[in-house]
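As given, the protein sequences belong to chains F and S, one line each in that order.
Everything in the first sequence is counted per my numbering, starting at 35 for the first residue and increasing by one.
Everything in the second sequence is counted per my numbering, starting at 2 for the first residue and increasing by one.
First up is the structure itself, then whatever we jot down about it.
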Amino acid sequence: MKKTGKGIGIMFYGTGYGNGYPDISRAKAKIDTDGRFTISSGACEVGQGAKTSLAQIPAEILGILTKEVIFDHEDTKTTLDAGTCAASRQTYNTGNAMKMASESLKRILESKAREILNLSEEEPLVFDNHEVIVEGDPSKRISFKQIANTADVGDLEVVEIFQAVTTKMNEETGEGNPYWPYTFGACGVEVVVDTETGTLDISKAILVQDVGRAVNPKLIEGQMDGGFAMAQGYALLEDLNIVKGEIKHHNFTKYLIPTALDAVEVKKIIVEDPESSAPFGAKGIGEPVMIPVAPAILNAIYDAVGVRITEIPVTPEKLLKAIKEVG
Amino acid sequence: MAFKVIGENVLRVDGHTKVTGGAKYPADLALENMLYGKTLRSTKAHANFTIDTKKAENIHGVVGVLTAKDIPGKNCHGVLFKDHEAICESRVRRIGDPMAVVIAESERIAEKALESIEVAYEELAAVFDPEEAMKEEAPKIHGEDNTVFHFKIRRGNVDKAFEEAAVIVEDTYYTGAVDHAFLQPEAGIAYEEEDGTLTVIAATQYPHFDRMDIAGAMGMEEEEIRIINPAVGGAFGGREDLTLQIHLAVAAKKFKRPIKMVYDRKESFLAHCKRHPITMHCKTAADKDGKLLALKTRIVGDTGAYASWAVNVLRKAGVHITGPYEIPNVWVDSYAVYTNNPFAGAMRGFGATQPPIAHEQQMDRIAEKLGMDPFSIRRKNLFTLGSKTATEQVLRESVPLGRCLDALEAAMNEKPLPDENINYLEDLKERQAKKEGAWNEKNR
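Written out as structure tokens, the structure reads:
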């Protein structure tokens, strides 16, 4: 018999290393003699989209296209330490360092432009297409390249450092501010359980993610789909079968992860509530997107067949056994 | 304030090269005159051993076999404690511990030569259950105590709250170890540059940290080491502890030729950390209206043979076990414990992914007992602006959990979303001005 049930799960997630540990990102912004903009920071692109979304931050500030941002981040010889690409911290921490460095560089460019064009402090400037332009008087303009050619070596280069604010918790009571910021989310699923085989289909899936501010909504949606799939594997499939310290399921014939055929059409809802200490309000979502999914599935299983599963993964064998036990 | 670039669906700058197969992952790289490395790994979970590599060294095409004595600097690495040996010297603590690395002219020769290395094990008592490992008489994995870390929260008076509660739900939840199963198994190349710089190209989550650990093992200055991070085929926490980086560096320096190593899937499973298996015993109480009164919990995380991030992960689990709810009385004991299991470390969520398996089921069970629905019980207790967490942290801004739940309920019932949930673009500058400046000033 097929039985349908619904379940939800909600979550919070504290970003960063936490507990007062120095959580530091560094970024260097510069304009070279060709007028090109480079931002250097040791943040990794591990597939999450950092190479794109982090580059959007200086692009916004300096009025250039994201693809024109040279984001140097692969080589320790040329980049500064930006901390680990983990703890959902790169958008927040490195994003902040890159924002600060880009803003400082922008201020330098403004001041150089005023000097060269003989402008007063009051004249408003805009940045567009590698140029500094007097707002309302576009005849007065100067390119990044022209500025660079009149500047001394090192003038158009600035390093900024961002450090997240957390405090060490009291060792006896736990009192303290261990993480910041916090990210929130919610998931709801509908499952159809086959009570004769113990197999389960997710017939409906909704994932709602607080992002602070969405830097790149499509990339966030990509993370949400990935997080959902990974959680689906965590809840239902993935079992290393460790026996006396030995991993028995050490390849994908035995260690089952969701494939494209298991992938569920997830309705994805992005909720914005900008965080003032974050770059443009953006919080990290790399981990949060996964977290509320597995409990929603477990609650839906209970709603469908009345069994409380306290141990994951809920393989068909395990679910079938549990269904039989409750009769 | 209107944004030009923030909020735009800018196409992934690395998307085209990745989907067309042009992106260079470390396994795609090759250098002239390159040698290949293969790792001999422990088949015992806990043992002393001696090793004889002579036969393997004499095989045609083998240029050498690295053992612990070839590590020029400190033979250790680790993200928090330096409790991993780069190559185990005389004791292994888990199945999969590296014991030797064959360096040969081809991958095939290196692989074949592994069989000629002679290992004599003297097995030690092993422990695989963290509860057993916490006992005094348990075999010790490192030092005198297998309990790596104990995190506590003591808030209010849980016992009194349980006495006054209308409903109490108590159960034990267990989450298993899982693998990151990133698409691209570990791979890398190392070589010496003309100026003596030792360069390691390997997919990593933190090049500057890798540099530090490699410098330590090489006995070199960090500036003499260069890490290049090529395209990374997924990580999810599995590329934080080093795997093949030190082996590559040692071999490149010793043999003065470029070295390449590529793990197959099985070795990848053996080499990197797993998600912590965690047992969570939770006793949760609420009043007759569904308002949470207390949580008492004992959390035990199995970090296996090495600490990796165990302290931080079980701390994060201890902080997040309340769920996103205000609970006035909270008692948390969260332990990280060594065993002889595969080691656990960072994985997406980092100790915050396991707790919802417990707290979200606890919430539904309380709701059921009180005849409430899952949305109402959560609304009654969830974090809002100004809420205090169990660690007394005040959530001063950006707490849109209620709105997330509203949006979820609407979508579940196929009703239109509340407008404010879409494109919520409040002017950040205005907002910042409105905020209590003093708090920011003090804490920035």
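Ideal Cβ placement from N, Cα and C applies to all residues, glycine included.
Values in this document were obtained by computation on a predicted structure and should not be read as measured data.
Contacts that residue i makes with chain F (C-beta to C-beta distance below 8 Å)
i, result
"residue 175 of chain S", "344, 345 and 346"
"residue 275 of chain S", "274"
"residue 153 of chain S", "205, 206, 207 and 208"
Proximal residues to residue i (C-beta, below 7 Å), its chain only, five neighbours per side dropped
i, result
"residue 307 of chain S", "79, 84, 85 and 344"
"residue 34 of chain S", "258 and 259"
"residue 114 of chain S", "57, 60, 63, 103 and 105"
"residue 330 of chain S", "156, 157, 158, 159, 162, 294 and 295"
"residue 379 of chain S", "364 and 406"
"residue 206 of chain S", "236, 240 and 241"
"residue 374 of chain S", "368"
"residue 200 of chain S", "191, 192, 194, 227 and 229"
"residue 424 of chain S", "A caution first: residue 424 of chain S carries a pLDDT of 45, below 50, which makes its placement in the model unreliable, though a value can still be read off. Contacts found: none."
Other residues of its chain near residue i: CB distance less than 6 Å, five sequence neighbours each side excluded
i, result
"residue 119 of chain S", "53"
"residue 185 of chain S", "26 and 234"
"residue 266 of chain F", "292"
"residue 331 of chain F", "223 and 269"
"residue 277 of chain S", "302, 314 and 345"
"residue 130 of chain F", "196 and 313"
"residue 261 of chain F", "323 and 324"
Sheet register partners of residue i (DSSP bridge)
i, result
"residue 285 of chain S", "S:170 and S:296"
"residue 106 of chain F", "F:74"
"residue 152 of chain S", "S:335"
"residue 305 of chain S", "S:339"
"residue 276 of chain S", "S:346"
"residue 47 of chain F", "F:217"
"residue 301 of chain F", "F:240"
Contact list for residue i against chain F, beta-carbon separation under 9 Å
i, result
"residue 285 of chain S", "Going along chain F, no residue has its Cβ under 9 Å from residue 285 of chain S, so there is no contact; the nearest lies around 14 Å."
"residue 206 of chain S", "78, 80, 118, 119 and 120"
"residue 231 of chain S", "108"
"residue 267 of chain S", "281, 284 and 285"
Under 7 Å by beta carbon: chain F residues contacting residue i
i, result
"residue 238 of chain S", "120"
"residue 209 of chain S", "76, 110 and 115"
"residue 392 of chain S", "203, 208, 209, 210 and 212"
Backbone secondary structure at residue i - three-state DSSP
i, result
"residue 36 of chain S", "strand"
"residue 14 of chain S", "coil"
"residue 220 of chain F", "strand"
"residue 201 of chain F", "coil"
"residue 227 of chain F", "strand"
"residue 432 of chain S", "Low per-residue confidence applies at residue 432 of chain S: pLDDT is 39, beneath 50, and the placement is therefore not dependable enough to give any value."
"residue 251 of chain S", "helix"
"residue 360 of chain S", "helix"
"residue 138 of chain F", "helix"
"residue 101 of chain F", "helix"
"residue 84 of chain S", "coil"
"residue 422 of chain S", "Unreliable positioning characterises residue 422 of chain S in this predicted model, as indicated by a pLDDT of 48, which lies under 50. The coordinate reading is nonetheless provided below. It is helical."
"residue 90 of chain F", "helix"
"residue 358 of chain F", "helix"
"residue 54 of chain S", "coil"
"residue 78 of chain S", "strand"
"residue 191 of chain S", "strand"
"residue 227 of chain S", "strand"
"residue 370 of chain F", "Outside the shown range of chain F, which is 35 to 361, sits residue 370 of chain F, and nothing can be said about it."
Classification of residue i by the beta-carbon crowding that lies within 10 angstroms, buried from 16 upward
i, result
"residue 278 of chain F", "exposed"
"residue 109 of chain S", "exposed"
"residue 248 of chain S", "buried"
"residue 127 of chain S", "buried"
"residue 230 of chain S", "buried"
"residue 288 of chain F", "exposed"
"residue 269 of chain S", "buried"
"residue 138 of chain S", "exposed"
"residue 47 of chain F", "buried"
"residue 100 of chain S", "buried"
"residue 385 of chain S", "exposed"
"residue 422 of chain S", "Bear in mind that the predicted position of residue 422 of chain S carries a pLDDT of just 48, short of 50, making it too unreliable to give a figure here."
Contacts that residue i makes with chain S (C-beta to C-beta distance below 8 Å)
i, result
"residue 63 of chain F", "Residues of chain S passing the Cβ test: none, with the nearest at roughly 16 Å."
"residue 321 of chain F", "349, 350, 351, 353 and 354"
"residue 50 of chain F", "Residues of chain S passing the Cβ test: none, with the nearest at roughly 10 Å."
Chain S residues whose Cβ lies nearer than 7 Å to that of residue i
i, result
"residue 93 of chain F", "6"
Neighbouring residues, chain S, relative to residue i (Cβ below 9 Å)
i, result
"residue 134 of chain F", "Within 9 Å Cβ-Cβ: nothing; residue 134 of chain F doesn't reach chain S, min ~11 Å."
Any C-beta of chain A under 8 Å from that of residue i
i, result
"residue 140 of chain F", "Here the protein chains are F and S, and chain A is not one of them."
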